[in-house]
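Sequence order for the protein chains is U and D.
In terms of my numbering, the first sequence is residues 4 to 307.
In terms of my numbering, the second sequence is residues 274 to 461.
Here's the structure we're looking at; comments come further down.
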Amino acid sequence: MENKKQSHTESLVTKTFSRIETEHISPRPKWEFWVTEKAFWGFFCISVLIGAAAIAAVIFTFQNIGWKFYLATENDFSTLLFTSLPYLWVGAITIFTGIAYYNFRHTKRGYRHSLILILFSSITASTLLGILFYAFGFGDFVDEEIGGRIPFHRSIMMEERSRWSQPLRGALGGEVLYLDERGDFTLRAFDGKEWLVDSSDLTEDDREVLRNHSQVRIVGVPFAESASSTGKFHACFIFSWEVVGRSPWGPPALLVATSAARIVSRDNERNIFEMRSNKCRGVRPYDALQKVRNIKQTTTHETQ
Amino acid sequence: MLTNELTDAEIVEQSLNNKELFAVIIERYAERLARYARRLGVRRTEDVEDLLQEVFLKTYQNLNAFDSTFSFSAWIYRIMHNETISFFRKRSIRPEGNMEEDSESILALISDEEDVLEQLEKQSDGEHVHRALDQIDFKYKEILVLRFFEQREYAEISDILEIPIGSVATLIHRAKKVLRKELGYLAK
Numbered sequence: 004m005e006n007k008k009q010s011h012t013e014s015l016v017t018k019t020f021s022r023i024e025t026e027h028i029s030p031r032p033k034w035e036f037w038v039t040e041k042a043f044w045g046f047f048c049i050s051v052l053i054g055a056a057a058i059a060a061v062i063f064t065f066q067n068i069g070w071k072f073y074l075a076t077e078n079d080f081s082t083l084l085f086t087s088l089p090y091l092w093v094g095a096i097t098i099f100t101g102i103a104y105y106n107f108r109h110t111k112r113g114y115r116h117s118l119i120l121i122l123f124s125s126i127t128a129s130t131l132l133g134i135l136f137y138a139f140g141f142g143d144f145v146d147e148e149i150g151g152r153i154p155f156h157r158s159i160m161m162e163e164r165s166r167w168s169q170p171l172r173g174a175l176g177g178e179v180l181y182l183d184e185r186g187d188f189t190l191r192a193f194d195g196k197e198w199l200v201d202s203s204d205l206t207e208d209d210r211e212v213l214r215n216h217s218q219v220r221i222v223g224v225p226f227a228e229s230a231s232s233t234g235k236f237h238a239c240f241i242f243s244w245e246v247v248g249r250s251p252w253g254p255p256a257l258l259v260a261t262s263a264a265r266i267v268s269r270d271n272e273r274n275i276f277e278m279r280s281n282k283c284r285g286v287r288p289y290d291a292l293q294k295v296r297n298i299k300q301t302t303t304h305e306t307q
Numbered sequence: 274m275l276t277n278e279l280t281d282a283e284i285v286e287q288s289l290n291n292k293e294l295f296a297v298i299i300e301r302y303a304e305r306l307a308r309y310a311r312r313l314g315v316r317r318t319e320d321v322e323d324l325l326q327e328v329f330l331k332t333y334q335n336l337n338a339f340d341s342t343f344s345f346s347a348w349i350y351r352i353m354h355n356e357t358i359s360f361f362r363k364r365s366i367r368p369e370g371n372m373e374e375d376s377e378s379i380l381a382l383i384s385d386e387e388d389v390l391e392q393l394e395k396q397s398d399g400e401h402v403h404r405a406l407d408q409i410d411f412k413y414k415e416i417l418v419l420r421f422f423e424q425r426e427y428a429e430i431s432d433i434l435e436i437p438i439g440s441v442a443t444l445i446h447r448a449k450k451v452l453r454k455e456l457g458y459l460a461k
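The structure is reproduced here in structure tokens:
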């Protein structure tokens, strides 16, 4: 029995060595394994970094959704949510977390760790890096510059600009180009069209916004279309157009032609608690926006 | 130094410069690996021999991939395991056990759970266990084979099957339950 086993083994040795000779088999060089191992680690790290970039874009998106103004721009809150959620980036996070898992699992000792631990570590690393990326303005860059090149994806800023390019609905956004002595101003909307904005209904708070911000959101009423290319708009509320987490590499802010210091307060300026004119009564979210503004004013007065 | 005194890792290292030494690896593992393949369900002797050749060729080709911080035994078992799985896939056959010589191992090693022991004691031999092992899912069978027939530690099983150690414990626990259920079913 022992002899039989011995002869089997010897035969196996002979056959194996014969194949090594005839098929010219030799040990694969060490560097091949080194490269493979490093490639898995490399792809793992790249996946975590891409996941981090996607998380930065998600944070940027949520920070810049116009939650407060949904009454002015959308029919209801769910429409705002549905049209704003960062599907592309959530998809990217899911896919790249999967790729990170696959690559980590194929490193030399990757199998020793559980699925949950690898996923948790990968997502945690992406989240921490994502927060860091966001803090440096990379979320904006990813969403606008990279996301903007992907078909079917609209960056949150594109979405917001589009929401504030609905003058017939009473929502207009853009950049203040020129302020006259009366406080009326010229606005270049996001679609490039210029608007003469009547400021007679604005309160000191609205003017404060104008003084401090070159880009604004206006809730108001459009005048009937005139033949000229410049539209006319009656402003009821002005809110600042702020981009939270702005990328330093993003497109430069448009130059403001008029200094904020040139804004002149009218002698007959409306008291902050005074009701606005009847023109503004037609603005759909008037009551809601008035309420938001009054709460803010009351708080300001109390602190004074 | 005699080759018998060399560790597996030392032989691997020296085989890279002197391929004749690789014969020692074959001599050390041929029988164990053949038994392992049979336990996993490769029945025909020719198939076992073909598998062994493939395994040793792959081992030789990948000698540089061996990391001496791992157990060589677990590493070569992993290659055998993977080759056996591919064999079953290629042939699209269901693995069948061949464990006639293992009756005592079955009784001694699986019976650490009282109810399993009770059931086994009802049998005059391990025949029911063989049949039950052939019936259960392969993932349960392979882990029971490694733990109770190959007498591998959890860490080695983790290295052979490339799964976390925590999963080894869970899988063994589950496999025993499945086997117990199968034994009960067969006893009826």
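Ideal placement from N, C-alpha and C gives every residue a C-beta, glycine not left out.
Every value quoted in this text rests on a predicted model; they were computed, and no experiment measured them.
- Around the beta-carbon of Leu171 (chain U), fewer than 16 other beta-carbon atoms lie within 10 Å, marking it exposed.
- Here DSSP, grouped into helix, strand and coil, assigns Lys196 (chain U) to coil.
- Annotated as distal: Leu205 (chain U) and Gly176 (chain U), with beta-carbon spacing of 8 Å or more.
- For the set U:Asp201, U:Lys235, U:Phe242, U:Glu197, the Cα lying nearest the Cα of Asn215 (chain U) is the one of U:Phe242.
- Interface flag for Val16 (chain U) against chain D is set, since a Cβ pair is found closer than 8 Å.
- Here the region 51 to 66 of chain U lies against the region 84 to 94 of chain U, with 3 or more beta-carbon pairs under 8 Å apart.
- The DSSP-derived three-state label of Arg191 (chain U) is strand.
- Here Glu178 (chain U) carries a strand assignment [DSSP, helix/strand/coil].
- In the displayed model, Thr280 (chain D) falls within coil according to three-state DSSP, outside both helix and strand.
- A residue is called buried once 16 or more other Cβ atoms fall within 10 Å of its Cβ, and Val402 (chain D) is buried on that count.
- With contacts defined by Cβ atoms closer than 8 Å, Val145 (chain U) and Ala42 (chain U) do not form a contacting pair.
- Around the Cβ of Ala442 (chain D), a 10 Å sphere holds fewer than 16 other Cβ atoms; the residue is exposed.
- For Lys235 (chain U), the uninterrupted beta strand (DSSP E) run begins and ends at 234 to 243, by DSSP.
- Within the same chain, Asp201, Gly223, Val224, Lys282 come within 6 Å of His237 (chain U) by CB-CB distance, once the 5 residues on both sides are set aside.
- Contact check for Ser250 (chain U) and Gly140 (chain U): beta-carbon distance about 4 Å, within the 8 Å limit, so the pair qualifies.
- In this structure, DSSP gives Val246 (chain U) a state outside helix and strand, which the three-state scheme calls coil.
- The alpha-carbon of Met353 (chain D) is positioned some 46 Å away from that of Ile153 (chain U).
- Within the same chain, Ser431 come within 8 Å of Pro437 (chain D) by CB-CB distance, once the 5 residues on both sides are set aside.
- Taking the Cα of Phe240 (chain U) as reference, the smallest distance to any Cα among U:Val219, U:Val246, U:Thr233 is reached at U:Val219.
- The beta carbon of Phe193 (chain U) sits closer than 7 Å to those of Arg164, Trp167, Ser168, Gly176, Gly177, all from its chain and outside the five residues before and after it, given in chain order.
- Pairing Ile433 (chain D) with Thr332 (chain D), the inter-Cα distance amounts to about 14 Å.
- Around the beta carbon of Trp348 (chain D), 16 or more other beta carbons lie within 10 angstroms, which makes this residue buried.
- Residue range 33 to 67 is occupied by the alpha helix (DSSP H) that includes Gly45 (chain U).
- DSSP assignment within the region 130 to 179 of chain U yields the following whole alpha helix (DSSP H) runs of 4 residues or more, N-terminal first: 159 to 166.
- Rounded to whole angstroms, Trp37 (chain U) and Ala338 (chain D) show a C-alpha spacing of 8 Å.
- Rounded to the nearest whole angstrom, the C-alpha separation of Phe47 (chain U) and Phe107 (chain U) is 6 Å.
- Distance between Gly195 (chain U) and Val179 (chain U), taken at the CA atoms: about 12 Å.
- Nearest CB-CB separation between Thr12 (chain U) and chain D: below the 8 Å threshold.
- Gln326 (chain D) is positioned such that its CB atom lies no closer than 8 Å to that of Arg31 (chain U).
- Val16 (chain U) places its beta carbon 8 Å or farther from that of Ala307 (chain D).
- Legend: CB atoms of the region 110 to 122 of chain U lying less than 7 Å from CB atoms of chain D belong to residues Lys111, Tyr114, Arg115, His116, Ser117.
- Taking the beta carbon of Phe36 (chain U) as reference, the chain D residues within 7 Å of it are Asn337, Ala338, listed in sequence order.
- Residue state for Gly439 (chain D) is assigned as helix, using DSSP reduced to three classes.
- Apart from sequence neighbours up to five positions away, the residues of its chain that approach Glu415 (chain D) with a beta-carbon distance below 8 Å are Leu313, His354, Leu434, ordered along the chain.
- DSSP places Gly223 (chain U) in the uninterrupted beta strand (DSSP E) bounded by 218 to 225.
- Residue state for Asp407 (chain D) is assigned as helix, using DSSP reduced to three classes.
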